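Okay, so here's the structure we're looking at.
In our numbering, the protein residues as written are 4 to 600.
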């Protein structure tokens with residue numbers, strides 16, 4: 004009789020515990036092993052993603068009354084897009100003698116955020132009344148969206164907002180207008196007396212010249228000025244007295260004593276300061292905006308001055324600009340010369356804002372003022388008045404461009420769409436009067452803001468058709484945008500043709516390189532990206548393009564060098580590079596990681 008071994012019993016118990024605790028090998032773990040997709044790395048083409056799934060379900064999983072259903076999904080962000088249902092095997096065969104072959108073509112729309120997603124295959128096995136899940140299989144990771152790099156005026160957080168659209172311009176140079184000439188006579192701080200030299204500067208040279216060969220003086224206006232400095236404000240008649248002092252000196256100089264010399268005065272007013280500020284290089288544009296906001300407010304002059312004094316740049320600005328306004332301005336008007344009254348044109352926005360009469364303002368004055376205005380709200384007010392008073396093709400088109408640029412800067416989606424709709428309405432009004440290449444280009448820009456690339460392309464193509472001069476600057480500009488849309492639409496070869504006709508600048512050269520890259524023309528892509536870099540070395544996209552070419556050719560060192568330059572110049576490109584599938588083979592390498600430290 005054999006003797007019982009307690010150690011053997013312990014071994015059996017321990018083995019049973021281990022077996023019961025170990026993970027079970029899934030029955031259907033390999034059911035999807037024979038399936039794959041092409042291409043292995045998915046790519047965006049036009050506005051969608053296409054792929055083919057092929058393979059077979061192994062024979063061992065095929066049984067009567069067993070139904071196998073597959074669900075391809077694209078998973079990205081917090082959600083997933085199910086791409087349909089595929090019955091791989093319906094279980095109706097009595098005798099199965101071969102594997103179940105699968106072949107299907109799929110297409111799904113591109114949505115924002117998909118570039119860092121993945122394609123997975125899920126499924127269930129139904130057998131009688133039971134259903135079991137199949138372990139999902141990852142079919143493809145990431146999505147190549149290189150075409151979306153095409154620059155069509157998009158806004159990125161760390162780059163200046165580009166102006167879009169084309170204003171209709173009027174050439175004022177060859178019109179018969181009244182021409183004026185201005186002279187400035189300086190005064191000492193708080194003083195209204197001319198120096199003993201009269202109109203001579205410290206070098207003994209006259210600052211006022213009234214005799215101009217071939218021109219006859221029509222009238223002279225002397226405008227006395229006073230600054231916002233305390234020593235000037237305290238003398239309420241300072242501006243008037245300066246004008247009178249200059250008037251007296253002018254009367255003694257005039258050969259024709261019948262020439263009228265009128266005087267006026269500007270005090271407690273920002274008109275001349277604003278003109279000086281627009282050309283002033285001592286502060287940034289954003290700092291200038293703070294002054295404009297104060298000037299255009301409805302507050303009194305004293306309240307505006309108090310607000311200005313709070314600005315950090317006020318001491319610098321007042322020190323450098325106010326001395327230039329301790330003066331009297333002489334405006335000499337000549338007969339039958341070329342330029343209309345500049346003060347009317349420059350002051351139209353103020354007249355409109357204050358609700359003053361515009362009875363003496365012509366259509367030409369309004370067009371000139373709108374053309375010279377810098378701020379969008381000023382242009383809007385002027386062009387609104389132009390289309391109110393005159394049925395103007397130029398007014399409608401240019402008002403549309405104002406709305407396009409306001410929409411381009413608007414963060415609120417509802418307000419943005421309202422502005423785009425306004426722009427389209429204005430363009431239609433312009434086209435009722437006359438359909439032009441410029442108005443059709445602007446219509447295309449409006450559709451681009453809506454994300455409607457098809458309608459945008461139709462309109463911009465029509466703009467090229469309407470402009471028949473092959474050497475026209477506008478046509479070349481329009482072809483540049485047309486080529487960029489070709490890239491987004493997947494017509495890469497056509498894009499290279501368009502962009503060859505476009506003006507050479509860093510944007511068009513980058514887009515051309517992108518079109519060549521997407522056409523697998525790596526040498527031409529390299530050349531275009533290099534030209535973009537040479538044109539503007541601060542434009543990061545050219546370097547990014549060179550990094551993409553290096554990734555395609557396996558030139559690892561060139562990739563790191565150019566990508567580092569790109570991400571230093573653009574936070575947008577820095578964020579994109581980290582998720583760009585084109586760099587997938589390098590993301591885990593230390594050299595790549597060092598770029599983003």
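No residue lacks a Cβ here, since even glycine has one placed at the ideal position from N, Cα and C. Because the structure is a prediction, the values reported are computed rather than measured.
Output the boundary residues of the beta strand (DSSP E) element that contains residue i.
i	result
residue 112	103–112
residue 136	133–144
residue 52	51–60
residue 226	220–228
residue 76	69–79
residue 266	264–269
If you draw a straight line from the C-alpha of residue i to the C-alpha of residue j, how long is it?
i	j	result
residue 590	residue 554	12 Å
residue 542	residue 568	10 Å
residue 440	residue 491	22 Å
residue 25	residue 32	Residue confidence for residue 25 is low, a pLDDT of 38 falling below 50, so the modelled location carries little weight and cannot support an answer.
residue 487	residue 271	51 Å
residue 251	residue 423	57 Å
residue 262	residue 371	29 Å
residue 379	residue 405	6 Å
residue 69	residue 86	23 Å
residue 45	residue 111	11 Å
residue 103	residue 77	24 Å
residue 558	residue 564	10 Å
residue 163	residue 398	27 Å
residue 358	residue 209	41 Å
residue 477	residue 505	10 Å
residue 67	residue 129	11 Å
residue 82	residue 296	45 Å
residue 584	residue 147	6 Å
residue 562	residue 453	35 Å
residue 194	residue 241	7 Å
residue 113	residue 322	57 Å
residue 519	residue 38	33 Å
residue 482	residue 502	7 Å
residue 402	residue 461	22 Å
residue 376	residue 419	23 Å
residue 350	residue 268	16 Å
residue 429	residue 527	41 Å
residue 320	residue 328	12 Å
residue 365	residue 393	10 Å
residue 2	residue 288	An answer regarding residue 2 cannot be provided, because it is not within the stretch 4 to 600 covered by the chain.
residue 221	residue 255	17 Å
residue 529	residue 228	59 Å
residue 188	residue 223	14 Å
According to DSSP, residue i sits in a beta bridge with which residue or residues?
i	result
residue 187	332
residue 83	78
residue 182	337
residue 90	72
residue 39	57
residue 46	147
residue 209	203
Since residue i and residue j are thought to touch, with beta carbons under 8 Å apart, how far apart are those beta carbons, to the nearest angstrom?
i	j	result
residue 231	residue 325	7 Å
residue 426	residue 447	Wrong, their Cβ atoms sit about 11 Å apart, outside the cutoff.
residue 580	residue 566	6 Å
residue 34	residue 137	6 Å
residue 1	residue 185	Absent from the structure is residue 1, since the part of the chain shown begins at 4 and ends at 600.
residue 599	residue 552	The pair is not a contact, with the Cβ atoms about 20 Å apart (cut-off 8 Å).
residue 355	residue 388	5 Å
If I follow the unbroken alpha helix (DSSP H) through residue i, where does it start and stop?
i	result
residue 255	241–256
residue 202	Counting along the chain, residue 202 falls outside any alpha helix (DSSP H), and DSSP gives it neither H nor E.
residue 461	456–469
residue 127	No alpha helix (DSSP H) holds residue 127; the beta strand (DSSP E) holding it covers 121–130.
residue 480	476–492
residue 66	Neither: residue 66 is in no alpha helix (DSSP H) and is coded neither H nor E.
residue 311	304–312
residue 325	Here residue 325 belongs to no alpha helix (DSSP H), and DSSP marks it neither H nor E.
residue 497	495–504
residue 274	274–282
residue 289	288–298
residue 589	Where residue 589 is concerned, there is no enclosing alpha helix (DSSP H), given that its DSSP letter is neither H nor E.
residue 445	440–453
residue 158	No alpha helix (DSSP H) holds residue 158; DSSP gives it neither H nor E.
residue 115	Here residue 115 belongs to no alpha helix (DSSP H), and DSSP marks it neither H nor E.
(request) Could I get the ranges of all uninterrupted alpha helix (DSSP H) runs contained in the stretch 376–431, with 4 residues as the minimum, in chain order? (result) Fully enclosed alpha helix (DSSP H) runs of 4 or longer: 379–392 and 396–412.
(request) Any chance you could list the alpha helix (DSSP H) runs of at least 4 consecutive residues sitting entirely within the stretch 508–580, in chain order? (result) Taken in chain order, the complete alpha helix (DSSP H) segments of 4 residues or longer contained in the stretch 508–580 are 509–521, 525–538, 543–556 and 559–572.
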